[in-house]
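What follows is a single structure, written as structure tokens, with notes after it.
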Amino acid sequence: MSGLLDKLSPARRANKSDDLPLFYTDQSVGFHRGHRNTPKVSVTLAELLMSMEDDQNGQSQAWDIALASNFFSSVSSYPLPSPSPSPSPFVLSFKDLTYSVKITKKFNPLPCCGSSDGDGMEMNTKMLLNGISGEAKEGEMMAVLGASGSGKSTLIDALANRIAKESLHGAITLNGEVLESGLHKVISAYVMQDDLLFPMLTVEETLMFSAEFRLPSSLPKKKKQARVQALIDQLGLRNAATTVIGDEGHRGVSGGERRRVSIGIDIIHDPIILFLDEPTSGLDSTSAYIVVKVLQRVAQSGSIVIMSIHQPSYRILGLLDKLLFLSRGNTVYSGSPTDLPRFFSEYGHIIPENENKTEFALDLIRELEDSPEGTKTLVDFHKQWRAKQTLNQTTRNTNVSLKDAIDASISREKLVSACRAGPEILRDRSSGGETNLKSTFQTFANPFWTEILVIAKRSMLNSRRQPELFGIRLGAVLVTGTILATMFYKLDNSPRGIQERLGFFAFAMSTTFYTCAEAIPVFLQERYIFMRETAYNAYRRSSYVLAHTIISLPALVILSATFAATTFFSVGLAGGSEGFFFFFLTILAAFWAGSSFVTFLSGVVSHVMIGFTVVVAILAYFLLFSGFFIARDRIPLYWLWFHYLSLVKYPYEGVLQNEFEDSTKCFVRGIQMFDSSPLGQVPDAVKISLLKSMSGVLGFNVTAETCVTTGVDILRKQGITEMSKWNCLWITVAWGFLFRVLFYFTLLIGSKNKRR
């Protein structure tokens, strides 16, 4: 024990007169269920983690963590002085939270009759939260219980700032002060019900990337690694540290371990408030108990833990400090688990001694919900019971301001201090001199370029362990290029060769776009990870867009070089080395524009199959209006705008100009004029005689070798006269940048992740 005590911060030791009271602070005293007469002592998670950093030999890490985890149960054996009562440093209060949504009830063929939104659909208002009130203190775990549809997740979302302000009514305060959205993101964390993790990263790598996002760059890499290692032990994940997370196709960690990893990535920065949406869902009783035990340690380290839970076991109930039962958006019980039997006994329903208290309560609530009167009597009884409890309790007015509480938390080395923007609390004159706490914290823990590097590193590591994904795409490009190279092998400069060249270029350019469709599921798989991480300012949305733009370029270069090298020389395209270089750049630009376009669509469409359908349809329209099937001057005026929006148009015209720009190269000679007509089958002697007759009519001599059509004539016939090949290349590149910008705004608008 002394080893762990010695490792606590000097700030903590300076205010203590002897070794034992070192852990004891006025604001950290409480009473824990199961040990109601035992003082509960708060040690910050940061201190527990910091105690691991100075351990260089690695032999006492597990021992120190074991001491930390057992400290709360063993501290009662030491004589503690009787402290003067003091309020908890952080108190999260919520009062009269009300939230409703409008739902479509049924189709009304007579919009004039009944409540309707004007188009025949009747709208009905559903109350999800109806005047919910309560409070949670530092060091406590509050559990929100109720049947499905009772409003558990909605209440968690409301407290976690995941409901738009204009839709949620009521007040949410921290230490009596309104909790602003900016500050809320800095000091809190939210763990979703689903475990959204990268499947090919190990547990240790997942937590390390979270540390690099949430901890500032000023903290040395070794300290971040030490914190991750300590957190792995704290979460009981040591045996799974080097195991990949896994998914449906890759075996990985167990469900309970995945859940603890999800919790770990959100507590790496030691938040003051931790929200969890059903953290035990889908777990067996033992795994669920371990998860809640971890959350108890988080709470005892100086945090407020609020979670929704479906049906806790008897062991889990013994870990909880407060319960809040909901029924169809109404509070039917709020208070300590120990008061639950007395509450229902006074209501007239005694809980049997050998029955799980929460199961009894939930079963009774469900029976009342199915009755004609519903739970109205229970809701009214709870209001009277709470009013009577409030009168019997002696209340103390806490004078701990939010500023002082945060400063005290920072002095205890909670990692939220790493985000401080300045040494002093600034005053916001526009609010009448009120303390503007948001201005004292940086919005993001790391600078822009650091976020880009970390995001890129994580994505490349995850992709590198799934080489089959890029391998399939490279194989598709290689097979397509090989087929085209053999089908169009060594095209000649005849009239038939012209048509074959046009067909080759049209198919080649459209293929580059169609092979980009694989980018659709890439972001869709990461969408909810991205939304979870950006919701609490792990990194900027612009950093995510730029990072994925940068890491996509090497793959596009490889694909473009493979396709160009496979087809250019085999088909016998013109231009030599310069022509090959431009052809390669055009293929690369087409891949870039197509990848950007598909990435943008993946941000708009949230379903994979719908995304593929939309991409295939739009790319087909691009090819139709590219100018291959019908020249520009033949396109109807009302469709001409689509011709200029076609992504295929510009690379197609660029490679055609690269092929036919040489005005000295002849593609149709005199005797070849008849090849595309019924006269193409007559003997050459007859063709020469026809040419002599035509010469007399035309007034100039046309021989068998006279050049009739040059490359410039072909371009003019195709209507390619408006811009140079380099302009076509730059426009294609610009399309790619435009879609990346649109993708950013799509993320900016569409990833708010808040209910309306």
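What the sequence shown shows, in the numbering used here, is residues 104 to 859, in sequence order. Just so it is clear, CB atoms sit at the ideal spot from N, CA and C, and this is done for glycine as well. These numbers come from a predicted model, not from an experiment.
Along the beta strand (DSSP E) that carries N433, what are the first and last residues, could you check?
Counted from its first residue, the sequence shown places residue 433 at position 330. Counting along the chain, the beta strand (DSSP E) containing N433 begins and ends at N433 to G438.
Measure from the alpha carbon of V582 to the alpha carbon of each residue in A668, V625 and L422, then state which is nearest.
Residue 582 sits at position 479 when you count from the first residue of the sequence shown. Here the closest residue by C-alpha is A668.
Indicate whether the contact test is met: 3 or more Cβ pairs, each with one atom in the region 415-426 and one in the region 452-468, closer than 8 Å.
The region 415-426 is in contact with the region 452-468.
Quick one: Cα of R561 to Cα of F312, how far?
Counting from 1 along the sequence shown, the entry for residue 561 is found at position 458. Counting from 1 along the sequence shown, the entry for residue 312 is found at position 209. So the two alpha carbons sit approximately 7 Å from each other.
Is the beta carbon of F770 closer than 8 Å to that of N596?
As a first step, residue 596 is located in the sequence shown; it is residue number 493 there, counting from the start. As a first step, residue 770 is located in the sequence shown; it is residue number 667 there, counting from the start. Yes, they are a contact pair.
Only counting the same chain, and skipping five residues up and downstream in sequence, which positions put a Cβ closer than 7 Å to that of N233?
Within the sequence shown, the letter at position 130 stands for residue 233. Once the five neighbours on either side are set aside, the close Cβ partners of N233 are T201, G432 and N433.
Helix, strand or coil, according to DSSP, for A723 in the structure here?
Here residue 723 refers to the residue found at position 620 of the sequence shown. DSSP places A723 in helix when its eight states are reduced to three.
Quick check on the DSSP output: the beta strand (DSSP E) that includes F378 runs from which residue to which?
The count along the sequence shown starts at 1 and reaches residue 378 at position 275. Unbroken beta strand (DSSP E) run through F378: I376 to D380.
Find out if the Cβ-Cβ distance for the pair S698, S655 is shorter than 8 Å.
On the sequence shown, residue 698 is found 595 positions in, with the first residue counted as 1. On the sequence shown, residue 655 is found 552 positions in, with the first residue counted as 1. Contact: yes.
Indicate whether the contact test is met: 3 or more Cβ pairs, each with one atom in the region 623-630 and one in the region 796-807, closer than 8 Å.
No: fewer than three Cβ pairs fall under 8 Å.
So, for E762: in the same chain, excluding its five sequence neighbours on each side, which residues have a beta-carbon less than 8 Å away from its beta-carbon?
Within the sequence shown, residue 762 is the residue found at index 659, counting from 1. Excluding sequence neighbours, E762 sits near R604, F608, L676, A677, G678, G682 and G814.
In the DSSP output, which residue or residues are listed as bridge partners for G237?
Mapped onto the sequence shown, residue 237 falls at position 134. G237 pairs with F197.
Cutting at 8 Å between CB atoms, please list the residues of its own chain near V719, excluding the five before and the five after it.
Position 616 of the sequence shown holds residue 719. Within the same chain, V719 has close Cβ partners Y617 and A620.
Quick check: the Cα distance between L111 and V247, rounded to an integer number of angstroms?
As a working note, residue 111 is residue 8 in the sequence shown. As a working note, residue 247 is residue 144 in the sequence shown. Residue confidence for L111 is low, a pLDDT of 42 falling below 50, so the modelled location carries little weight and cannot support an answer.
So for I371, helix, strand or coil by DSSP?
Here the question's residue 371 lines up with position 268 in the sequence shown. I371 falls in the coil class under three-state DSSP.
For M245, does the count of other Cβ atoms within 10 angstroms reach 16, so buried, or fall short, so exposed?
Mapped onto the sequence shown, residue 245 falls at position 142. It is buried - the Cβ of M245 has at least 16 other Cβ atoms within 10 Å.
DSSP state of M612, grouped into three classes?
Working through the sequence shown from its first residue, we reach residue 612 at position 509. In the structure shown, M612 sits in a helix (DSSP, three-state: H, G or I).
Please state if the CB of S646 and the CB of E554 are separated by a distance shorter than 8 Å.
Reading the sequence shown from its first residue, position 451 is the one you call residue 554. Reading the sequence shown from its first residue, position 543 is the one you call residue 646. Their beta carbons are under 8 Å apart, which means E554 touches S646 by this criterion.
List the endpoints of the continuous alpha helix (DSSP H) containing C810.
Here residue 810 corresponds to residue number 707 of the sequence shown, with the count starting at 1. Careful: C810 lies outside any alpha helix (DSSP H), inside the beta strand (DSSP E) at C810 to T813.
Along the chain, where does the beta strand (DSSP E) containing Y592 start, and where does it finish?
Sequence index remark: in the sequence shown, residue 592 carries index 489 (1-based). Premise fails: Y592 is in no beta strand (DSSP E) and is neither H nor E.
Give me the DSSP bridge partner(s) of E280.
Locating residue 280 in the sequence shown gives position 177, counting from the first residue. Answer by DSSP bridge pairing, in chain order: L277.
Identify, in the order they occur along the chain, each residue of the same chain with its Cβ nearer than 8 Å to the Cβ of P455, setting aside the five sequence neighbours on each side.
Here residue 455 corresponds to residue number 352 of the sequence shown, with the count starting at 1. Once the five neighbours on either side are set aside, the close Cβ partners of P455 are F463.
Hey, how far is the Cα of Q602 from the Cα of T849?
For the purposes of this step, residue 602 is identified with residue 499 of the sequence shown, where counting begins at 1. For the purposes of this step, residue 849 is identified with residue 746 of the sequence shown, where counting begins at 1. Computed Cα separation, rounded: 41 Å.
Output yes or no for whether 8 Å exceeds the beta carbon distance between R772 and C831.
The sequence position of residue 772 within the sequence shown is 669, counting from 1. The sequence position of residue 831 within the sequence shown is 728, counting from 1. Cβ atoms of R772 and C831: not closer than 8 Å.
What did DSSP end up calling L564 once you bin it into helix, strand or coil?
Mapped onto the sequence shown, residue 564 falls at position 461. The answer is helix: DSSP assigns L564 an H, G or I state.
Here's the rule I'm using: 16 or more other beta-carbon atoms within 10 Å means buried, otherwise exposed. How should M712 be labelled?
Taking the first residue of the sequence shown as 1, we reach residue 712 at position 609. M712 comes out exposed.
Can you tell me whether P323 is buried or exposed? The criterion is at least 16 other CB atoms within 10 Å of its CB, across all chains shown.
Sequence index remark: in the sequence shown, residue 323 carries index 220 (1-based). Exposed.
Checking 8 Å against the spacing of the C-beta atoms, do E401 and P192 come in under that value?
Taking the sequence shown and counting its residues from 1, one reaches residue 401 at position 298. Taking the sequence shown and counting its residues from 1, one reaches residue 192 at position 89. Looking at the sequence provided, one finds Val at residue 401 rather than Glu. No, Cβ-Cβ distance for V401 and P192 is not below 8 Å.
Counting only the same chain and skipping the five closest in sequence on each side, list residues whose C-beta sits under 6 Å from that of E917.
Coverage of the chain is limited to positions 104 through 859, which leaves residue 917 absent and any answer about it impossible.
DSSP on Q130, reduced to helix/strand/coil?
For the purposes of this step, residue 130 is taken as the residue at position 27 of the sequence shown. With a pLDDT of 34 at Q130, under the threshold of 50, the predicted position of this residue should be treated as unreliable, though the coordinate-derived value follows. The answer is helix: DSSP assigns Q130 an H, G or I state.
Let me check one thing: in DSSP terms, what residues is S203 bridge-paired to?
The residue given as residue 203 occupies position 100 in the sequence shown. Its beta-bridge partners are M230.
Restricting to runs no shorter than 4 residues, where is the alpha helix (DSSP H) found entirely within the region 661-700?
As far as the region 661-700 is concerned, it has no whole alpha helix (DSSP H) run of at least 4 residues.
Extract the residue ranges of the alpha helix (DSSP H) inside the region 241-307, only unbroken runs of 4 or more that lie entirely within it.
Correct list: 255-262 and 284-290.
Whole angstroms are fine: how far does the CA of P302 sit from the CA of E75?
As shown, the chain starts at 104 and ends at 859. That puts residue 75 outside it, with no answer to give.
Excluding five sequence neighbours on each side, which residues of the same chain lie with their C-beta closer than 8 Å to the C-beta of A521?
On the sequence shown, residue 521 is found 418 positions in, with the first residue counted as 1. Because A521 carries a pLDDT of 46, less than 50, the predicted location of this residue cannot be relied on, and no value is offered for it.
Find out if the Cβ-Cβ distance for the pair V294, L310 is shorter than 8 Å.
Position 191 of the sequence shown, counted from the first residue, corresponds to residue 294. Position 207 of the sequence shown, counted from the first residue, corresponds to residue 310. No; because the gap between Cβ atoms is not below 8 Å, this pair is not in contact.
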